[in-house]
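What follows is a short report on a single structure.
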Amino acid sequence: MRTHLALVAVPALLAGALLTGCSAQSSSGTTTSTAPAKTAESIAKALGEKVPSVQLTKVFTTDDDPNHLLGRPGGYLSKSAFTDTRVPAEQAPNEFSTERGGGVEVFGDAAAAKARMDKIQGIAKDMGGLISEYDYVNGTVLVRVTSLLTPEQAKEYEAALT
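Once you know that position 16 of the sequence shown is 16 in our numbering, the rest is easy, because the numbers rise by one and skip nothing.
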């Protein structure tokens with residue numbers, strides 16, 4: 001008899017624990033669903049709402065990620081590119097490159113996002129200024145912005161991210 005109760009009770013407890021992880025209880029006692037995970041696409045679209053010159057141009061997949069980091073160990077979970085209309089197309093003809101506007105990379109944890117930013121900035125420093133970009137991290141999100149924008153224009157991204 002005890003074995004039968006255990007077979008019924010354990011799955012029921014596990015199901016309850018899993019469902020609890022998908023909801024939150026407010027101070028008023030009502031239960032609400034937790035927010036969906038942020039993606040590079042949703043963040044780029046949100047940036048576009050705050051920086052009018054931004055337009056999402058590409059959501060990368062594991063097949064077309066130019067850095068080959070998407071979904072890989074130590075890599076990002078999602079990546080997107082955006083253009084900024086203040087950057088003349090002739091200065092950066094590839095609309096999917098960071099130079100044309102920027103990109104968003106979302107990581108599994110904040111330390112990985114910061115490590116990626118540090119690596120990018122280290123490469124730029126080692127290249128003696130031949131390449132550069134503005135980088136902003138907020139939690140698990142890294143926003144990379146073209147250096148073809150002025151510092152004041154780039155700061156709009158930092159403000160939008162926070």
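Backbone N, C-alpha and C define an ideal beta-carbon position, used for all residues, glycine too.
Note that the structure is predicted; figures quoted are calculated from it, not measured.
Can you tell which of the options has its C-alpha closest to the C-alpha of residue i?
i: V87; options: G74, G129, T150; result: T150
i: Y76; options: T62, D84, T83; result: T62
i: S147; options: H68, M127, S132; result: S132
i: E152; options: T162, E99, Y134; result: Y134
i: K119; options: G74, K38, L47, P93; result: G74
i: N67; options: G108, R116, G129, D126; result: R116
Using DSSP's beta-bridge definition, name the partner residues of residue i.
i: S82; result: According to the sequence provided, residue 82 is Phe. The question's Ser does not apply to it. Answer is L56, G102.
i: R144; result: G103, D135
Is the CB-CB distance between residue i and residue j below 9 Å?
i: S97; j: A40; result: no
i: G101; j: V59; result: no
i: E95; j: L142; result: no
i: V51; j: T83; result: no
i: A81; j: G103; result: yes
For my contact list, residue i and residue j are in at a C-beta cut-off of 8 Å; report their separation, rounded to the angstrom.
i: F129; j: A110; result: It is worth fixing the name first, because residue 129 is Gly in this sequence and not Phe. Contact doesn't hold; Cβ gap of about 28 Å is too wide.
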